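Q:
In our numbering, the protein residues as written are 4 to 332.
1) Going by C-alpha to C-alpha distance, which of 23, 35 and 16 sits closest to residue 283?
2) Given residue 242, which residues of its chain have a CB within under 7 Å of its CB, disregarding the five upstream and five downstream residues?
3) Taking residue 50 and residue 86 to be in contact with their CB atoms under 8 Å, please state how far apart those CB atoms are, rounded to whole angstroms.
4) Please list, in chain order, all residues of the same chain as residue 324 whose beta carbon is under 6 Å from its beta carbon, the five residues on each side excluded.
5) For the alpha helix (DSSP H) that contains residue 259, what are its first and last residues?
6) So for residue 226, helix, strand or coil by DSSP?
7) Starting from residue 185 and walking both ways along the alpha helix (DSSP H), at which residues does that stretch end?
8) Would you mind listing the alpha helix (DSSP H) stretches within the stretch 73-136 that are 4+ residues and don't spill past its ends, in chain order?
9) According to DSSP, what are the bridge partners of residue 45?
10) Classify residue 26: buried if its beta carbon has 16 or more other beta carbons within 10 angstroms, exposed otherwise.
11) Tell me the DSSP secondary structure of residue 55 in three-state form.
12) Residue 149 and residue 15 look like a contact to me (Cβ under 8 Å); what is the Cβ gap, rounded to whole Å?
13) Can you tell me the Cβ-Cβ gap for residue 57 and residue 171, rounded? I've got them flagged as a contact below 8 Å.
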């Protein structure tokens, strides 16, 4: 029983949770770096639909968002020939390994995870799955012998738990798992809400006025950017502490164009940023519309991804099961 052999290209795992529409922060922080690295790393990309079930949800919406996100990824340049793209629930090995890892994880470790602490601390009705989902996330990572996990600061805690559980399992039962490393997300991933530049832009923000979805129509994008909160004064400068709204727009413009630009007024900054965002999103939206009219193309890509991921997942699960004491079938 050995860990999978070292590869010439590192294996990376990225995941999207279908709880809302993918937005600008997802594009710059996860999707475009993923596309750019498809030839430099062995990439696995997962639609984490099981994670969407940890909170109140609409079943129809989860199914719809899963397929929508898959189509957006393909439209943005994820190549199913170079990247293994699949739906988490299509591989039962995720939940099977989840249970084995629960047998090597302490209650206190799971309880310390931020999402559970916040909801439980507010006295909200909390599902058991919200307590244990970080262990499922560890299973997602370890199932693929993942070496690198690109994450933002808010997900570092989960990768650390995966590392802790992998090391503990390996120490108790033998060298089963590759221990992953967190790879910091690019600076451009820090896209802030246009209506509240002190908060990150997110798929599930309560107020959508400050969130630019990848699928927002051009006029909607322009309207949101033109209404973005700026700051007192009139000088356009990069200063996250004193001018968070202006700084957010400057960083969005730079992420879209690759240049810093020169702006004499807030109005000019907003107009040019809006057009830069539209220029980036339009070709993605056009390819998305073509895929939406051919759903069988998206479904075929997901089925092929699951088929390719299954042998490795099965091998990892078999190693873990034998190591922990299960009888092989």
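Each residue gets a CB set at the ideal place from its N, CA and C atoms; glycine is no exception. Values in this document were obtained by computation on a predicted structure and should not be read as measured data.
A: On the basis of the coordinates in this document:
1) On the chain shown, position 280 is the one that residue 283 refers to. Looking at the Cα atoms, 35 is the closest of the given residues.
2) Here residue 242 refers to the residue found at position 239 when the chain shown is read from its first residue. Cβ neighbours of residue 242 beyond the five flanking positions: 250.
3) Position 47 of the chain shown, counting from 1, holds the residue named residue 50. Position 83 of the chain shown, counting from 1, holds the residue named residue 86. 13 Å between Cβ atoms; not a contact.
4) In the chain shown, the residue the question calls residue 324 occupies position 321. Apart from the 5 residues on each side of it in sequence, residue 324 has no Cβ closer than 6 Å to any other Cβ in its chain.
5) The sequence position of residue 259 within the chain shown is 256, counting from 1. From DSSP, the alpha helix (DSSP H) with residue 259 extends over 247-260.
6) Taking the chain shown and counting its residues from 1, the one referred to as residue 226 is at position 223. DSSP places residue 226 in helix when its eight states are reduced to three.
7) Along the chain shown, one-based indexing puts residue 185 at 182. Not the alpha helix (DSSP H): residue 185 falls in the beta strand (DSSP E), residues 184-187.
8) 96-105, 110-114 and 117-124
9) Numbered from its first residue, the chain shown carries residue 45 at position 42. The partner list for residue 45 (beta bridge, DSSP) reads 14.
10) Taking the first residue of the chain shown as position 1, residue 26 is located at position 23. Counting Cβ neighbours within 10 Å, residue 26 comes out buried, since at least 16 surround it.
11) Position 52 of the chain shown, counted from the first residue, corresponds to residue 55. Residue state, collapsed to three classes: helix.
12) As a working note, residue 149 is residue 146 in the chain shown. As a working note, residue 15 is residue 12 in the chain shown. With 8 Å as the limit, residue 149 and residue 15 qualify as a contact, their Cβ atoms being about 7 Å apart.
13) Within the chain shown, residue 57 is the residue found at index 54, counting from 1. Within the chain shown, residue 171 is the residue found at index 168, counting from 1. Wrong, their Cβ atoms sit about 24 Å apart, outside the cutoff.
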